[in-house]
Every structure is written in C-alpha cells, then in structure tokens.
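Have a look at the structure below, then the notes.
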Amino acid sequence: MTKESSMQTIHLTATECTPAVEFDFAAQRFSLRGESWPENAAAFYRPLQSALESWQPQASQLTEVNIDLSYFNSSSTKMLFGLFDQFNRLAQNGCEIALNWFYDAEDDVSEEFGEELSLDFTALTVTLHAEQRQ
C-alpha cells in the first residue's frame, strides 16, 4: 500500500474561530474556508502540517489548494505560511500545485495578501479569485 492511498481525508467542520478543513490526500485537493482566529493557532494547524509532511503526492496529478478565509489573524498567518511553504517545497520537487486564493472584492488587504503569496511562494501557481460578498 502506498502512502498516499493510506492517508485519511481530514475533515473538520468550521467553528466561530476556525475554518472548515478538507484535506483529501487521495484526490490531492486541500481547502480551508471560513475564519481563522483560534486561541492557539499552532495547536489547530500543526496536525495539518504534520499530515502534509508525511504525504507523498503523485507528481503526475495536479494538486489543488483552495483558500477562502474571510478573516484570519496574525497567528493564523504564520501557520498558513508554514502550510504554503510545505506546498511550495512539493512544487519545487516536481509537483504541479495550484493555489486558489478567494477573497472579497472589497477587501484590499486580502487581495494584497494573495498577491504576496505568488511573490513568496514562487513554485506555486497562485490564482486570485475576487468574489462579491454581502
């Protein structure tokens, strides 16, 4: 049995202060949606980072990362950068990784953050998706 087929999908329901998480290792699709301002960001994100570290993707298959966070605090930013760095390293090793950054079209800060991702993580294909939100 290969590592990628033995990895379980991680599914976490969103709470008031943590995003919904869907890490589907077999399909090579990863998503975070909602808000991220947990009291202990490291405790929330480290298990996700650990799972990602032990995962060995199929290089021939596109890996899709969808990030749709309406709000995230500075502690979450640090942990998100850790996740993005892991995806960037996988891309540097030959995996094709598309990072889709969804943001409110009225939120200049989130748009700029998405733009900076493409500068900081150059091996990733970063696409910004502006959405009209209420």
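Position 42 of the sequence shown, counted from 1, bears residue number 42 in full-length UniProt numbering, the numbering being contiguous throughout.
Ideal placement from N, C-alpha and C gives every residue a C-beta, glycine not left out.
Contact belief for residue 68 with residue 33 at Cβ below 8 Å, rounded distance in angstroms:
Position 68 of the sequence shown, counting from 1, holds the residue named residue 68. Position 33 of the sequence shown, counting from 1, holds the residue named residue 33. Right, their Cβ atoms sit about 4 Å apart.
Hey, could you find the ends of the alpha helix (DSSP H) residue 114 is sitting in?
To locate residue 114, count along the sequence shown from 1; it is residue 114. If you look at residue 114, you'll find it in the alpha helix (DSSP H) that goes 108-120.
Answer with buried or exposed for residue 73, where buried requires no fewer than 16 other C-beta atoms within 10 angstroms of its C-beta.
For the purposes of this step, residue 73 is taken as residue 73 along the sequence shown, with counting starting at 1. Exposed, because fewer than 16 other Cβ atoms sit within 10 Å of the Cβ of residue 73.
To test your reading of the DSSP string, which unbroken alpha helix (DSSP H) runs of 4 or more residues are found completely within the region 23-59?
Those alpha helix (DSSP H) runs which fall completely within the region 23-59 and span 4+ residues are 41-54.
Test item: CB-CB of residue 79 and residue 45 under 8 Å:
Locating residue 79 in the sequence shown gives position 79, where the first residue counts as 1. Locating residue 45 in the sequence shown gives position 45, where the first residue counts as 1. Here residue 79 is near residue 45, since their CB atoms are less than 8 Å apart.
Neighbourhood of residue 21 by C-beta distance below 8 Å, restricted to the same chain and skipping five residues each side:
Mapped onto the sequence shown, residue 21 falls at position 21. Taking residue 21 as the centre and dropping the five residues before and after it, the same chain places the C-beta of 10, 11, 12, 31, 32, 48 closer than 8 Å to its C-beta, in chain order.
Just checking my contact of residue 99 with residue 77 at CB under 8 Å: how many whole Å lie between their CB atoms?
Your numbering for residue 99 matches position 99 in the sequence shown. Your numbering for residue 77 matches position 77 in the sequence shown. Between residue 77 and residue 99 the Cβ distance is about 15 Å, and since that is not below 8 Å, they are no contact.
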